[in-house]
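These protein sequence lines are chains A and B, in that order. Every letter in the first sequence is one number past the one before it in my numbering, and letter 298, counting from 1, is 566. Every letter in the second sequence is one number past the one before it in my numbering, and letter 343, counting from 1, is 611. What follows is a single structure, written as structure tokens, with notes after it.
Protein chains: 2
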Amino acid sequence: MMRTICVVLLSLAAFQAGDDSKPASSNVRNAAYPRVHDDGRVTFRFTAPGATKVQLQPGGADNGLGKGPIDMTAQDAGKGIWTITLPAAVPGFHYYWFLVDDMAVNDPGSETYFGWARQTSGIEIPEKGADFYEPRDVPHGEVRVRWYRSKTTGEWRRAYVYTPPGYDRDLKTRYPVLYLQHGAGENETSWTKQGRANLILDNLIAAKRAQPMLVVMETGYATKLGATPVQGPTGQPSIPNAFEQVLIDDLIPTIDAEYRTQADRASRAMAGLSMGGSQTMQITSAHLDTFAWIGAFSAPLRNFDIKTSLGGALADATAYNKKVKLLWIGAGTGETSIHEAATKLHAALDGAGVKHTFYESSGTAHEWQTWRRSLHDFVPRLFK
Amino acid sequence: MMRTICVVLLSLAAFQAGDDSKPASSNVRNAAYPRVHDDGRVTFRFTAPGATKVQLQPGGADNGLGKGPIDMTAQDAGKGIWTITLPAAVPGFHYYWFLVDDMAVNDPGSETYFGWARQTSGIEIPEKGADFYEPRDVPHGEVRVRWYRSKTTGEWRRAYVYTPPGYDRDLKTRYPVLYLQHGAGENETSWTKQGRANLILDNLIAAKRAQPMLVVMETGYATKLGATPVQGPTGQPSIPNAFEQVLIDDLIPTIDAEYRTQADRASRAMAGLSMGGSQTMQITSAHLDTFAWIGAFSAPLRNFDIKTSLGGALADATAYNKKVKLLWIGAGTGETSIHEAATKLHAALDGAGVKHTFYESSGTAHEWQTWRRSLHDFVPRLFK
């Protein structure tokens, strides 16, 4: 009996006295590090015997963990254990990795998340009072992996399809569809894994704040059959690519054939974040007969000219307003240049009389917390 | 025009003259390495500036890439590029990582796969003439991520559920169910990601070699609400754990309530690999009223005693034969000790008159190619 109690006390003593930290919810099971403290501070720990320098590298210049690289301290030089405790981080999901003598290395304690064109570590910092993206005790929809054949690329491709609670019971109900795109260097898994789109929808639908709908998530990269992939700056195919054709010719017909959809423009939305927001603006402008609801989350729409951009699709405000039931533009206040571009676009749209909704996520940067909040604001406005 | 052609030639020149190698299908998109040659040789490449030693570490003692660690060669000391070309590898999926001055590091060119209790690199070596786990031009089922509330653990848990092609069309059809478990250090994603269980089922069903069925895949680790997790040797909770109770009390009732199942023992199978095979033998023996079809793939059933093991469930061969419609035992010939245990068990079952099927996967070890082949042999025997 005494021995058991001693073991527990000893293992607690490994942390600071009064330490309230817990393993991050983004860790693989049983991994003790990284740990999040109640006040939002984060402790990282990494074992690198023989290293002369270990640093924490938050992914991105405006990452909520701070500006990197951040030097870590050797706790026990003999064992090569390096640690750092950061000041309170911005809530939400942050990509990160370690630099061991300048070599990028993932944290074995973290789940991996596809971003930066590779599988990357990430950490979840809870936001006090915000549970709109947590699994609550409400009915849950499914996320379905749907293989489909693309005539455009000649490949079997995979879409992730969210079906709302009750989809398999209410067999006469047909549903509207949101096509939802990730950002550069991410893929079809990102909106549910990093973004928790399914949980956001579950919670909104349970609260009767959103229409039950399907959400279709696909990779926004595609190369036409026989073509040579165009390399982008991150080593990914750059846009313009064949995704527009995949979406219009292959994916939408598959979804409308395989699921109980409302297959008309008034019941079809498209939104995306960053690169996916640019793709959304580009594709919906060229296909206003296909989409009536449009969301650009943190899209880099710099130097946007109402008269000429997107082939002049917004030049005739009256015609655009008649066709488009929602144009939603948003950004985080912490992503300076994109927020500035969005603010300018907002003013230009107002000036030109293009109806739209403008959203600002307070204190968040070019990161997933901005896009979770964006989705949470966007979805309740759809299909009404 | 000429310039374009020159670029292509230059990029080919980066490989050996006459090199027929291609990026592994397990790479993240656009990653050039690792590369698989037509004869099964594999070239790995890793950039580690400042490293004094870089090695390739195949995951596991009998990994089809060879016995590790395997020294890599510095190609260009200034840039820190290290490479190795291995002799022809055993076909199938192999876990691996790099050791950089003894520190384990994933390959940024590889997708990650949950194994070894963390996200790990892996490589797919094609098997000539074997396409039973490839995406063929046949109807594809879905893999659905199903959240459900576990009373046992007090958590929201996730199951992966394969539904066969036509599940959403043939609305009066009810389906039998296979519960399919991963091995130690893996999770609910492993059977579809590493194992390609969904593609194996798609192909068998299309060939009319298997009954359309549901396949339910869950994490075999669980801790009762309020209990302290028991640590296993890999840092994972060890068995015995609360998975039996989760399966019987929470998961099976959820699946039978949410899907069109045939909810009787004659329509319910359980199988698993390695640790999951042991769990299968243990759980089915205690619940023969729940399961009638049983598969143990590469289960470490050493020192198995027909009279006493599993609470003597197999001691009365006549009773067991009457209840159990299929007992399937298998192993790869390359996994010496487990193959030996399976062979002994096969003889003991024969001796005791316990009806069973014995399967050997030729030339494969304690790896996923053994388990893909096991599933491919097991599934056509079910529910007949």
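Note that beta-carbon positions come from the ideal geometry of N, C-alpha and C, so glycine has one too. Please read all numbers here as calculations on a predicted model, not as lab measurements.
Please report how far the alpha carbon of B/Thr-441 lies from the alpha carbon of B/Met-481, in whole angstroms.
-> Mapped onto the second sequence, residue 441 of chain B falls at position 173. Mapped onto the second sequence, residue 481 of chain B falls at position 213. Rounded to the nearest angstrom, the two C-alpha atoms are 10 Å apart.
For a contact meaning CB atoms closer than 9 Å, what does B/Met-371 contact in chain A?
-> Reading the second sequence from its first residue, position 103 is the one you call residue 371 of chain B. By Cβ distance, chain A contributes Thr-315, Ala-316, Pro-317, Gly-318, Ala-319, Gly-348, Val-368 and Val-373.
So what does DSSP say about B/Lys-290, is it helix, strand or coil?
-> Sequence index remark: in the second sequence, residue 290 of chain B carries index 22 (1-based). Three-state DSSP puts B/Lys-290 in a strand.
Measure how close the beta-carbons of A/Gly-328 and A/Tyr-363 come, nearest whole angstrom, since I'm counting them as under 8 Å.
-> Numbered from its first residue, the first sequence carries residue 328 of chain A at position 60. Numbered from its first residue, the first sequence carries residue 363 of chain A at position 95. Right, their Cβ atoms sit about 7 Å apart.
Candidates A/Met-549, A/Arg-477, A/Val-368 and A/Thr-460: which alpha carbon is nearest A/Val-429's?
-> Position 161 of the first sequence holds residue 429 of chain A. If we check each option's Cα against that of A/Val-429, A/Thr-460 comes out closest.
Since A/Ile-393 contacts A/Gly-308 with CB under 8 Å, what's their CB separation in whole angstroms?
-> Walking along the first sequence from the start, residue 393 of chain A turns up at place 125. Walking along the first sequence from the start, residue 308 of chain A turns up at place 40. Indeed they touch by this definition, with Cβ atoms about 6 Å apart.
Name the chain A residues whose beta carbon is nearer than 7 Å to that of B/Glu-410?
-> Your numbering for residue 410 of chain B matches position 142 in the second sequence. The contacting residues are Arg-412, Val-413 and Arg-414.
N- and C-terminal bounds of the alpha helix (DSSP H) containing B/Met-340 = By one-based count along the second sequence, residue 340 of chain B stands at place 72. Run containing B/Met-340: none; DSSP gives neither H nor E here.
Can you check DSSP and say which residues form a bridge with A/Glu-446?
-> Working through the first sequence from its first residue, we reach residue 446 of chain A at position 178. Per the sequence shown, residue 446 of chain A should be read as Leu rather than Glu. Partner(s): A/Val-483 and A/Ala-537.
Endpoints, alpha helix (DSSP H) assigned at A/Glu-608 | On the first sequence, residue 608 of chain A is found 340 positions in, with the first residue counted as 1. Looking at the DSSP string, the run of the alpha helix (DSSP H) that includes A/Glu-608 is 604-620.
Nearest-angstrom Cα separation, counted from A/Arg-386 out to B/Arg-297 = Sequence index remark: in the second sequence, residue 297 of chain B carries index 29 (1-based). Sequence index remark: in the first sequence, residue 386 of chain A carries index 118 (1-based). Cα-Cα distance, rounded: 9 Å.
A/Pro-302 to A/Val-358, Cα distance in whole Å?
-> Position 34 of the first sequence, counted from the first residue, corresponds to residue 302 of chain A. Position 90 of the first sequence, counted from the first residue, corresponds to residue 358 of chain A. Computed Cα separation, rounded: 16 Å.
Which value, in whole angstroms, describes the spacing of the CA atoms of A/Pro-568 and A/Thr-496?
-> Mapped onto the first sequence, residue 568 of chain A falls at position 300. Mapped onto the first sequence, residue 496 of chain A falls at position 228. Their Cα atoms are separated by approximately 26 Å.
Please determine, among B/Gly-383, B/Met-340, B/Pro-376 and B/Asp-370, the residue with the shortest C-alpha to C-alpha distance to B/Phe-361.
-> If you number the second sequence from 1, residue 361 of chain B lands on position 93. When only C-alpha atoms are compared, the closest one is B/Gly-383.
State yes or no: is the beta carbon of A/Pro-497 nearer than 8 Å to at least one beta carbon in chain B?
-> Here residue 497 of chain A refers to the residue found at position 229 when the first sequence is read from its first residue. A/Pro-497 counts as touching chain B.
Assigned secondary structure, B/Thr-311 (DSSP; H/G/I helix, E/B strand, else coil) = Numbered from 1 along the second sequence, position 43 holds the residue referred to as residue 311 of chain B. Looking at B/Thr-311 - three-state DSSP - the assignment turns out to be strand.
Given a threshold of 16 other Cβ atoms within 10 Å of its Cβ, counted over all protein chains shown, does B/Gln-550 qualify as buried or as exposed?
-> The residue labelled residue 550 of chain B in the question sits at position 282 within the second sequence. Burial of B/Gln-550 is indicated by the presence of at least 16 other C-beta atoms within 10 angstroms of its C-beta.
The stretch 436-451 of chain B: which residues have C-beta closer than 8 Å to a C-beta of chain A, in chain order?
-> Taking 8 Å as the upper bound on Cβ-Cβ separation, chain A lies near residues Asp-436 and Leu-439 of the stretch 436-451 of chain B.
Would you mind working out which of A/Phe-646, A/Trp-639, A/Leu-650 and A/His-644 sits nearest A/Gln-462, comparing C-alpha positions?
-> Residue mapping note: residue 462 of chain A aligns to position 194 of the first sequence, counting from 1. It is A/Trp-639 whose Cα lies nearest to the Cα of A/Gln-462.
Between which two residues does the beta strand (DSSP E) containing A/Tyr-627 stretch?
-> Against the first sequence, residue 627 of chain A aligns to sequence position 359. 625-629 is the extent of the beta strand (DSSP E) around A/Tyr-627.
Go through its chain and collect everything with a Cβ distance to A/Met-270's Cβ below 7 Å, but skip five positions before and after it.
-> The residue given as residue 270 of chain A occupies position 2 in the first sequence. Reliability of the predicted coordinates at A/Met-270 is poor, the pLDDT of 32 falling under 50, and the value obtained from them is presented with this limitation in mind. So the list is empty, once near-sequence residues are dropped.
Rounded to whole angstroms, what's the CA-CA distance from A/Thr-529 to B/Tyr-527? Just pull it up for me.
-> Walking along the first sequence from the start, residue 529 of chain A turns up at place 261. Walking along the second sequence from the start, residue 527 of chain B turns up at place 259. So the alpha carbons of these two residues sit roughly 20 Å apart.
C-beta neighbour in chain B for A/Thr-380, strict 8 Å | Position 112 of the first sequence, counting from 1, holds the residue named residue 380 of chain A. With 8 Å as the cut-off, A/Thr-380 counts as an interface residue toward chain B.
Please list, in chain order, all residues of the same chain as B/Ser-289 whose beta carbon is under 7 Å from its beta carbon, the five residues on each side excluded.
-> Stepping through the second sequence from its first residue, residue 289 of chain B is reached at position 21. These residues qualify, in order along the chain: Phe-283, Arg-303, Val-304, His-305 and Thr-311.
Chain A contact residues for B/Arg-247, given Cβ-Cβ distances below 9 Å = Outside the modelled stretch of chain B, which goes from 269 to 652, sits residue 247 of chain B, for which no answer is possible.
Between B/Gln-387 and chain A, is there a C-beta pair that is closer than 8 Å?
-> By one-based count along the second sequence, residue 387 of chain B stands at place 119. For B/Gln-387, the answer is yes, since a Cβ of chain A falls inside 8 Å of its Cβ.
B/Asn-571 CB to nearest chain A CB: under 8 Å?
-> Here residue 571 of chain B corresponds to residue number 303 of the second sequence, with the count starting at 1. For B/Asn-571, the answer is no, since every Cβ of chain A falls outside 8 Å of its Cβ.
Rounded Cβ spacing between A/Leu-469 and A/Pro-432 (contact assumed at less than 8 Å) | Here residue 469 of chain A corresponds to residue number 201 of the first sequence, with the count starting at 1. Here residue 432 of chain A corresponds to residue number 164 of the first sequence, with the count starting at 1. A/Leu-469 to A/Pro-432, Cβ: 7 Å. Contact.
Chain B within 8 Å of A/Trp-424, Cβ atoms only = Taking the first sequence and counting its residues from 1, one reaches residue 424 of chain A at position 156. Taking Cβ atoms only, chain B reaches closer than 8 Å to A/Trp-424, which makes this a yes.
For chain A, is any of its Cβ atoms less than 8 Å away from the one on B/Val-514?
-> The residue you call residue 514 of chain B lines up with position 246 of the second sequence. It does not; no Cβ of chain A falls within 8 Å.
Does B/Pro-403 get closer than 8 Å to chain A when you measure Cβ to Cβ?
-> Working through the second sequence from its first residue, we reach residue 403 of chain B at position 135. Output row for B/Pro-403: interface = yes.
Any chain B beta carbon closer than 8 Å to A/Asn-509 | Within the first sequence, numbered from 1, the residue matching residue 509 of chain A stands at position 241. No, A/Asn-509 lies away from the interface with chain B (no Cβ there is under 8 Å from its Cβ).
If you measure beta-carbon to beta-carbon, which residues of the stretch 289-305 of chain A are closer than 9 Å to chain B?
-> Residues Val-296, Arg-297, Asn-298 and Ala-299.
What first and last residue would you give for the alpha helix (DSSP H) that runs through A/Phe-646?
-> Indexing the first sequence from 1 puts residue 646 of chain A at position 378. Counting along the chain, the alpha helix (DSSP H) containing A/Phe-646 begins and ends at 636-646.
Where A/Val-647 and A/Gln-547 are concerned, what is the direct C-alpha to C-alpha distance, given to the nearest angstrom?
-> Your numbering for residue 647 of chain A matches position 379 in the first sequence. Your numbering for residue 547 of chain A matches position 279 in the first sequence. Those two C-alpha atoms are separated by around 19 Å.
A/Leu-278 burial status per 10 Å Cβ neighbour count (16 or more: buried) | Here residue 278 of chain A refers to the residue found at position 10 when the first sequence is read from its first residue. At A/Leu-278 the pLDDT is 32, less than 50, meaning the model places this residue with poor confidence and gives no usable figure here.
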